[in-house]
Amino acid sequence: MKMISPDVIGQRKESSEVASKAKMSARSVRVFYSEVEAIKGIDLDIMENEVIAFIGPSGCGKSTFLRTLNRMNDTIEDCRVEGTVTLDGQDIYDPSLDVVMLRAQVGMVFQKPNPFPKSIYDNVAYGPKLHGLARGRGDLDEIVENSLRRAGLWDEVKDRLDKPGTGLSGGQQQRLCIARAIAVSPEVILMDEPCSALDPIATAKIEELIDELSSQYSIAIVTHSMQQAARVSDRTAYFHLGELIEVNNTEKVFTQPDHHLTEAYITGRFG
Amino acid sequence: MNNLTLIAGLLMLMAVAYQIGLMRSRAVARTDSERMHSRPVYYGWLVALWCGVPALFVFGLWSLLEPAVIRSIVIGALPAELADMPAQQVSVLMNRLGHIASGFGVAGEVAPWEAAAAEQLTRLQAISQLAKIALMASLAMAGVLMARRHIRPSLRARNHVEKVIAALLAICAGVAVLTTVGIVFSMFGEAMHFFSFVSPMEFFFGTTWNPRFSTTGAGGQGEFGLLPLLWGTLMVSIIALLVAVPIGLMTAIYMAEYAPSWLRSVAKPVIEVLAGIPTIVYGVFALMVVGPFFASVGDMLGIQIRATSALTAGFVMGVMIIPFVSSLSDDIITQVPQSLRDGSLGLGATRSETIRQVVLPAALPGIVGAFLLAASRAIGETMIVVLAAGNSPVLHANPLEAVSTVTVTIVNQLTGDTDFASPQSLVAFALGLTLFVITLALNVVALYIVRKYREQYD
Numbered sequence: 006m007k008m009i010s011p012d013v014i015g016q017r018k019e020s021s022e023v024a025s026k027a028k029m030s031a032r033s034v035r036v037f038y039s040e041v042e043a044i045k046g047i048d049l050d051i052m053e054n055e056v057i058a059f060i061g062p063s064g065c066g067k068s069t070f071l072r073t074l075n076r077m078n079d080t081i082e083d084c085r086v087e088g089t090v091t092l093d094g095q096d097i098y099d100p101s102l103d104v105v106m107l108r109a110q111v112g113m114v115f116q117k118p119n120p121f122p123k124s125i126y127d128n129v130a131y132g133p134k135l136h137g138l139a140r141g142r143g144d145l146d147e148i149v150e151n152s153l154r155r156a157g158l159w160d161e162v163k164d165r166l167d168k169p170g171t172g173l174s175g176g177q178q179q180r181l182c183i184a185r186a187i188a189v190s191p192e193v194i195l196m197d198e199p200c201s202a203l204d205p206i207a208t209a210k211i212e213e214l215i216d217e218l219s220s221q222y223s224i225a226i227v228t229h230s231m232q233q234a235a236r237v238s239d240r241t242a243y244f245h246l247g248e249l250i251e252v253n254n255t256e257k258v259f260t261q262p263d264h265h266l267t268e269a270y271i272t273g274r275f276g
Numbered sequence: 149m150n151n152l153t154l155i156a157g158l159l160m161l162m163a164v165a166y167q168i169g170l171m172r173s174r175a176v177a178r179t180d181s182e183r184m185h186s187r188p189v190y191y192g193w194l195v196a197l198w199c200g201v202p203a204l205f206v207f208g209l210w211s212l213l214e215p216a217v218i219r220s221i222v223i224g225a226l227p228a229e230l231a232d233m234p235a236q237q238v239s240v241l242m243n244r245l246g247h248i249a250s251g252f253g254v255a256g257e258v259a260p261w262e263a264a265a266a267e268q269l270t271r272l273q274a275i276s277q278l279a280k281i282a283l284m285a286s287l288a289m290a291g292v293l294m295a296r297r298h299i300r301p302s303l304r305a306r307n308h309v310e311k312v313i314a315a316l317l318a319i320c321a322g323v324a325v326l327t328t329v330g331i332v333f334s335m336f337g338e339a340m341h342f343f344s345f346v347s348p349m350e351f352f353f354g355t356t357w358n359p360r361f362s363t364t365g366a367g368g369q370g371e372f373g374l375l376p377l378l379w380g381t382l383m384v385s386i387i388a389l390l391v392a393v394p395i396g397l398m399t400a401i402y403m404a405e406y407a408p409s410w411l412r413s414v415a416k417p418v419i420e421v422l423a424g425i426p427t428i429v430y431g432v433f434a435l436m437v438v439g440p441f442f443a444s445v446g447d448m449l450g451i452q453i454r455a456t457s458a459l460t461a462g463f464v465m466g467v468m469i470i471p472f473v474s475s476l477s478d479d480i481i482t483q484v485p486q487s488l489r490d491g492s493l494g495l496g497a498t499r500s501e502t503i504r505q506v507v508l509p510a511a512l513p514g515i516v517g518a519f520l521l522a523a524s525r526a527i528g529e530t531m532i533v534v535l536a537a538g539n540s541p542v543l544h545a546n547p548l549e550a551v552s553t554v555t556v557t558i559v560n561q562l563t564g565d566t567d568f569a570s571p572q573s574l575v576a577f578a579l580g581l582t583l584f585v586i587t588l589a590l591n592v593v594a595l596y597i598v599r600k601y602r603e604q605y606d
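And the structure:
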């Protein structure tokens with residue numbers, strides 16, 4: 006039996022007390038791919054300044070749910086979403102809403118590091134340029150530097166900002182993608198298994214970064230590593246076959262899960 | 149027995165050998181306690197191959213060497229006064245002897261020594277044929293017997309057959325490569341022959357194209373300046389690319405990024421049909437429809453536009469290569485990983501911003517490669533320009549006037565009565581070689597670019 010050692014859990018307990026107000030709320034969300042129902046009615050809140058982890062076996066719908074939060078599912082043909090998702094009380098599936106602005110507010114970091122085929126500088130400057138966030142070159146330089154600093158990458162790349170972002174190592178690329186996401190000053194950051202393609206050292210850096218970022222952003226992270234969920238998150242949500250089985254403080258989920266399915270999963274009986 | 153029946157006979161022999169191998173291996177399997185290495189089929193194949201391959205090899209070698217050997221014997225036996233004939237006359241004589249021997253197409257009186265030589269030729273050919281059959285038959289038999297004797301459980305027939313198959317495939321691949329090399333070499337040889345009449349300087353840097361036909365005789369041998377033709381080719385190709393590149397690229401972007409899948413599945417094949425239309429049909433279309441249309445538009449605007457001009461030919465050629473550009477670019481754009489698009493869209497970029505700033509830069513090397521491939525296609529295109537470019541090999545910069553291209557000139561120099569020893573015909577090889585080098589260079593550059601940048605985004 007493989008339980009998460011208690012000393013790992015609840016490291017973030019003190020900050021989790023802060024989370025109180027819901028940043029995003031999902032109510033009876035259902036997602037269909039053609040006729041297949043991938044998400045079967047989920048109610049979930051993402052609090053301000055919290056890190057929430059989505060765990061569950063492959064194909065349980067956690068990535069799909071994550072993608073409904075900034076409407077990335079729009080890019081998939083035959084994908085249909087029902088129910089409501091709100092950001093600061095505003096329905097994000099309202100036809101009058103500007104998807105482009107929504108995605109600037111709810112940023113996303115993907116499973117595989119996907120830097121653009123541009124220089125490191127241009128990778129980070131991409132979002133601010135699109136949204137006109139900088140008033141001139143100096144301003145833009147500042148945004149780029151700040152974002153890279155917050156992503157903990159500045160010292161490693163400051164001498165080669167004009168080199169292609171694809172030339173960095175996997176972990177650096179992923180931090181570049183995080184820098185790119187925070188450069189547009191989002192309010193929520195969605196991370197879809199951000200460490201699954203990285204080695205343990207790069208993973209540790211990203212986790213550290215998530216911890217720091219949580220003071221300013223709400224972060225939702227999908228992960229296959231239960232240790233990671235335990236280390237970085239305030240709350241953990243367990244998904245199973247398109248349903249949300251349980252969501253609770255991370256410590257509780259990993260020590261006294263309410264539901265037997267959750268317990269079975271975290272103890273490694275299936276998944 | 150002619151060669152065809154010989155080969156058929158050998159194949160039948162191989163079929164028999166296969167059965168022999170099959171039966172033998174089964175017999176061995178029954179008596180021997182050890183398990184056979186391969187299934188019986190492979191022993192059958194092995195025996196058949198041992199039967200056929202050496203015999204075929206001898207057959208090929210024999211067919212290759214036989215004519216030369218017989219020829220030298222026949223020539224050697226000719227009366228002494230004919231011994232120092234020039235090479236060309238010898239081959240004429242050999243042709244004549246062949247005709248006499250077969251009794252067809254004999255012109256003029258047959259001299260006694262000719263009759264004797266022809267008889268000798270017939271006799272030698274008969275002997276050679278018999279010897280060939282005997283050698284092949286004995287080799288086939290020996291192969292069968294030897295292979296049959298070797299069948300035992302430890303013989304790895306399966307692995308041997310595998311090797312033969314690999315060799316067979318390699319030979320087939322070699323045929324394609326050797327053909328290319330052969331064509332290049334023969335073109336090169338003839339082009340060298342041409343350059344013995346006209347200096348390369350005059351050819352590559354001459355600005356006048358005026359190859360007088362050899363029948364007009366005395367007045368020099370004409371001028372063979374390549375530049376007007378090359379310029380015509382360039383002008384037509386550039387016009388074609390100006391038409392094909394924007395339309396093709398935008399089509400590709402629409403198809404790859406915007407079109408719903410049902411539309412894509414209908415429209416893509418329809419566009420690709422454009423590539424399947426024979427170029428002569430495009431040529432007719434250019435000559436009968438597009439040319440007159442441009443001419444009348446010119447009249448309306450008060451500009452002189454010739455019906456057959458660089459513009460007409462280039463425009464129609466551009467339409468022809470749209471599918472090349474669009475379908476190659478489409479493939480390349482779809483190869484850009486979805487994760488890059490997601491990354492851009494996830495930052496709040498619109499679709500066209502994503503395409504312009506992320507997808508196209510990532511796909512650019514491949515797209516440039518597609519353009520270059522389309523360009524090399526345009527440069528080599530013939531029928532459209534023959535019909536629609538006006539065939540006027542004069543150096544000028546007006547696309548509304550008639551031009552001539554390298555390909556058109558090759559056609560002109562080789563149609564009608566031609567004497568293959570005159571520079572007027574031989575120039576075709578020099579032109580062909582030039583064209584080949586240009587398109588080859590374009591293809592190499594295109595492939596290099598595509599390959600170099602592809603690895604970056606994998």
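Same order as they appear, the protein sequences are chains A and B. Numbered according to this note's numbering, the first sequence spans residues 6 to 276. Numbered according to this note's numbering, the second sequence spans residues 149 to 606. Even for Gly, the Cβ is constructed at its ideal location relative to N, Cα and C.
Contact defined as beta carbons within less than 8 Å: I believe residue i pairs with residue j. What is the distance between those atoms, to the nearest angstrom?
{"i": "Val554 (chain B)", "j": "Leu588 (chain B)", "result": "No, Val554 (chain B) and Leu588 (chain B) are not in contact; Cβ-Cβ is about 14 Å, not under 8 Å."}
{"i": "Gly514 (chain B)", "j": "Ile469 (chain B)", "result": "Not confirmed; about 17 Å, so no contact."}
{"i": "Lys210 (chain A)", "j": "Gly157 (chain A)", "result": "6 Å"}
{"i": "Ala558 (chain B)", "j": "Ala569 (chain B)", "result": "Checking the sequence shown, residue 558 (chain B) turns out to be Ile, not Ala. With a Cβ gap of about 17 Å, Ile558 (chain B) and Ala569 (chain B) do not count as contacting."}
{"i": "Thr456 (chain B)", "j": "Ala537 (chain B)", "result": "6 Å"}
{"i": "Arg454 (chain B)", "j": "Glu549 (chain B)", "result": "6 Å"}
{"i": "Gly192 (chain B)", "j": "Tyr166 (chain B)", "result": "4 Å"}
{"i": "Leu272 (chain B)", "j": "Ile221 (chain B)", "result": "6 Å"}
{"i": "Asp169 (chain B)", "j": "Ala196 (chain B)", "result": "Asp is not the amino acid found at residue 169 (chain B); the sequence shown has Gly there. Contact flag correct, Cβ pair sits at about 7 Å."}
Under a Cβ-count criterion, where at least 16 other Cβ atoms within 10 Å of its own Cβ denotes burial, should residue i be classed as buried or exposed?
{"i": "Ser444 (chain B)", "result": "exposed"}
{"i": "Asn119 (chain A)", "result": "buried"}
{"i": "Lys26 (chain A)", "result": "exposed"}
{"i": "Gly143 (chain A)", "result": "exposed"}
{"i": "Val391 (chain B)", "result": "buried"}
{"i": "Asp197 (chain A)", "result": "buried"}
{"i": "Lys18 (chain A)", "result": "Annotation note: pLDDT 46 at Lys18 (chain A) (below 50); position unreliable, coordinate value reported separately. The residue in question, Lys18 (chain A), is exposed, as its Cβ has fewer than 16 Cβ neighbours within 10 Å."}
{"i": "Ser21 (chain A)", "result": "Note that Ser21 (chain A) has pLDDT 45, beneath the 50 cutoff, so the model's placement of it is unreliable and no number is given."}
{"i": "Phe333 (chain B)", "result": "exposed"}
{"i": "His265 (chain A)", "result": "exposed"}
{"i": "Tyr270 (chain A)", "result": "buried"}
{"i": "Thr208 (chain A)", "result": "buried"}
{"i": "Ser219 (chain A)", "result": "buried"}
{"i": "Gly365 (chain B)", "result": "In this predicted model, Gly365 (chain B) has a pLDDT of only 47, less than 50, meaning its place in the structure is not dependable; the value taken from the coordinates is given anyway. Exposed: under 16 other Cβ atoms inside 10 Å."}
{"i": "Thr255 (chain A)", "result": "buried"}
{"i": "Cys65 (chain A)", "result": "buried"}
{"i": "Pro471 (chain B)", "result": "buried"}
Cβ closer than 8 Å: which chain A residues qualify as neighbours of residue i?
{"i": "Ser409 (chain B)", "result": "Glu82"}
{"i": "Asp565 (chain B)", "result": "None at all; the shortest Cβ gap to chain A is about 59 Å."}
{"i": "Asp490 (chain B)", "result": "Met77, Thr80, Met113, Phe115 and Asn119"}
{"i": "Leu131 (chain B)", "result": "Since the first residue shown for chain B is 149 and the last is 606, residue 131 (chain B) is missing from the structure and cannot be characterised."}
Please list the partners that residue i has in chain B, where partner means a Cβ-to-Cβ separation under 9 Å.
{"i": "Arg154 (chain A)", "result": "Result: empty, since nearest Cβ-Cβ is about 19 Å, beyond 9 Å."}
{"i": "Cys182 (chain A)", "result": "Gly491"}
What in chain A is Cβ-close to residue i, meaning under 9 Å?
{"i": "Ser487 (chain B)", "result": "Phe115, Gln116, Lys117, Pro118 and Asn119"}
Name the chain B residues that come within less than 8 Å of residue i, Cβ to Cβ?
{"i": "Gly176 (chain A)", "result": "Result: empty, since nearest Cβ-Cβ is about 17 Å, beyond 8 Å."}
{"i": "Val105 (chain A)", "result": "Gly496, Ala497 and Thr498"}
{"i": "Ser185 (chain A)", "result": "In the sequence as presented, Ser is not what sits at residue 185 (chain A); that position holds Arg. Under the 8 Å cutoff, chain B gives Gly491 and Leu495."}
Name the chain B residues that come within less than 7 Å of residue i, Cβ to Cβ?
{"i": "Arg4 (chain A)", "result": "Because chain A here runs from 6 to 276, residue 4 (chain A) falls outside it and cannot be looked at."}
{"i": "Val189 (chain A)", "result": "Leu495 and Gly496"}
{"i": "Arg142 (chain A)", "result": "Correct list: empty, because the minimum Cβ distance to chain B is about 18 Å."}
Exercise. Any residues in the stretch 495 to 512 of chain B with a beta carbon nearer than 8 Å to a beta carbon of chain A? Which ones, in chain order?
Worked result: Leu495, Gly496, Ala497, Thr498, Glu501, Gln505, Val506, Pro509 and Ala510
Exercise. In the stretch 184 to 238 of chain B, which residue ranges form an unbroken beta strand (DSSP E) of at least 3 residues, counting only runs that do not cross its ends?
Worked result: none
For this session: Taking only runs that begin and end inside the stretch 105 to 165 of chain A, name each unbroken beta strand (DSSP E) of 3 or more residues, in chain order.
Result: 111 to 114
Exercise. Of all the beta strand (DSSP E) runs that stay within the bounds of the stretch 62 to 100 of chain A, which reach a length of 3 or more residues?
Worked result: 84 to 92
Problem set entry | Cβ-based contacts, 7 Å cut-off: residues of the stretch 125 to 137 of chain A near chain B | Tyr131, Gly132, Leu135 and His136
For this session: Using a Cβ-Cβ cut-off of less than 9 Å, give me the residues of the stretch 32 to 64 of chain A that come near chain B, in sequence order.
Result: none
Exercise. Whole beta strand (DSSP E) runs in the stretch 169 to 228 of chain A with 3 or more residues, listed along the chain?
Worked result: 193 to 197 and 223 to 227
Exercise. In the stretch 456 to 525 of chain B, which residue ranges form an unbroken beta strand (DSSP E) of at least 3 residues, counting only runs that do not cross its ends?
Worked result: none
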